[in-house]
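Number of protein chains: 2
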Amino acid sequence: MNAYDQIAIGDIHVFGKHTFTAEGIRRFAAKYDPQVFHLDEEAARQSLFGGLCASGWHTAAVMMRLLVDYFDARDAKARAAGQPPLVSGPSPGLDDLRWPNPVRPGDVVEFTARIVGKRLSKSRPGWGLLSMTTTGVKQTGEVVFMVTTHAFVETGQPAPIVAGAPSA
Amino acid sequence: MNAYDQIAIGDIHVFGKHTFTAEGIRRFAAKYDPQVFHLDEEAARQSLFGGLCASGWHTAAVMMRLLVDYFDARDAKARAAGQPPLVSGPSPGLDDLRWPNPVRPGDVVEFTARIVGKRLSKSRPGWGLLSMTTTGVKQTGEVVFMVTTHAFVETGQPAPIVAGAPSA
């Protein structure tokens, strides 16, 4: 059974945790999102946030890093067991990204995904499209991040013969 | 007239351009999205991408930086003219993010936004919610990025009196 066939709608994948520090929050913000409430504790206290908080793009980037590490570790295990790894390709995009609560210095956010969609690609024979909803929850139980992402993965099946397609 | 009132649905904001380099693509990927097709030219050539390309999260982070710089410059101009700046608060999230084409080393991507929504916030008196659709187009004319983001901005109006709310 190939890696694509082993993934089922409803599967849960726990990517892991990340601790956000004030320094890490400021470093990301200085490069990609230099708004005062991500950079300056005092200015942040005067803002609607009431204190320093991470850029939402920082939270998203951290999620992506944990996702990649998680699937890399999973693939290494598969290879060690003589099984094929899950081969990922491009992502067409994502939907419904939400930042319902701020991420503060010291917050520990755990990201967990659920497979919510799986189908063969119409545009790319031999590839499937996986969709998953990933949630980031911090130590207080508050949800700080939600998103539904989509990605192409190899099905391990030969490309189907399409009626009427050129034979060459 | 305050800054919120000066923004109208249909307004276009040209954030500016960014040139993606192989080094910049690899640096972002090494930290946040270490998939081979963002890190290794040869492995990328063997992948569905056919060559090195930027992490989609990198493209998004670059868009955010140009957005912040653009509104900072706009606010500086407003302040110099004795006008109030646009005060931004949290973003509840975003919708329909798409990466329709890869960003390659040497690509110059220009990001342009259109205001697509503007309303007073129900949950945060004195604040409005702006929505904009931002598109990233590279020098070939190909669209590489699309997203509709939402953000709270100060309306400059006092919070309305809510019937039945406590007077203290």
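Chains as they are written, first to last, in our numbering: chain Z, 7 to 174; chain U, 7 to 174. For glycine and all other residues, C-beta sits at the position ideal for the given N, C-alpha and C.
Give the single residue among the options whose Cα lies nearest to the Cα of residue i.
i	options	result
residue 21 of chain Z	Z/163, Z/158, Z/8, Z/141	Z/141
residue 78 of chain Z	Z/47, Z/93, Z/64	Z/93
residue 108 of chain U	U/11, U/31, U/100	U/31
residue 18 of chain Z	Z/83, Z/71, Z/113, Z/139	Z/139
residue 27 of chain U	U/74, U/95, U/44	U/44
residue 25 of chain Z	Z/135, Z/132, Z/115	Z/115
residue 69 of chain Z	Z/117, Z/41, Z/132, Z/55	Z/117
residue 106 of chain U	U/55, U/67, U/33	U/55
residue 134 of chain Z	Z/73, Z/111, Z/96	Z/96
residue 40 of chain U	Z/40, Z/71, Z/111	Z/71
residue 110 of chain U	U/102, U/29, U/13	U/29
Within 9 Å (strictly less), CB to CB, does residue i reach chain B?
i	result
residue 75 of chain Z	Looking at the structure shown, chain B is missing, and the protein chains on hand are Z and U.
Looking only at its own chain, which residues have a Cβ that is under 6 Å from the Cβ of residue i, when we skip the five neighbours before and after it?
i	result
residue 104 of chain Z	152
residue 8 of chain Z	90, 162
residue 119 of chain Z	19, 138, 140
residue 23 of chain U	114, 116
residue 98 of chain Z	156
residue 136 of chain U	124, 157, 159
residue 76 of chain U	21
residue 73 of chain U	21
residue 102 of chain U	154
Around the Cβ of residue i, are there at least 16 other Cβ atoms within 10 angstroms (buried) or fewer (exposed)?
i	result
residue 87 of chain U	exposed
residue 160 of chain U	buried
residue 155 of chain Z	buried
residue 11 of chain Z	exposed
residue 52 of chain U	exposed
residue 113 of chain U	buried
residue 16 of chain Z	exposed
residue 85 of chain U	exposed
CB-CB under 7 Å to residue i, same chain, minus the five flanking residues each way: which ones, in chain order?
i	result
residue 81 of chain Z	91, 92
residue 100 of chain U	153, 154, 155, 156
residue 13 of chain Z	121, 124, 136
Below 8 Å CB to CB, which residues in the same chain sit around residue i once its five sequence neighbours on both sides are set aside?
i	result
residue 38 of chain Z	61, 63, 64
residue 167 of chain Z	In this prediction, residue 167 of chain Z scores a pLDDT of 49, lower than 50, which makes its location untrustworthy; no coordinate-derived value is stated.
residue 2 of chain U	Here chain U covers residues 7 to 174 and nothing more, so residue 2 of chain U does not appear.
residue 150 of chain Z	65, 105, 106, 107, 108, 109, 113, 115, 142, 143, 144
residue 46 of chain Z	58
Kindly give me the distance between the Cβ atoms of residue i and residue j, rounded to whole angstroms, as I take these residues to be in contact under 8 Å.
i	j	result
residue 49 of chain U	residue 42 of chain U	4 Å
Below 8 Å, how does it come out for the stretch 125-132 of chain U and the stretch 110-124 of chain Z: are there three or more Cβ pairs, yes or no? no
State whether the stretch 141-150 of chain Z contacts the stretch 55-67 of chain U, with contact taken as three or more CB pairs (one from each stretch) at a distance under 8 Å. no
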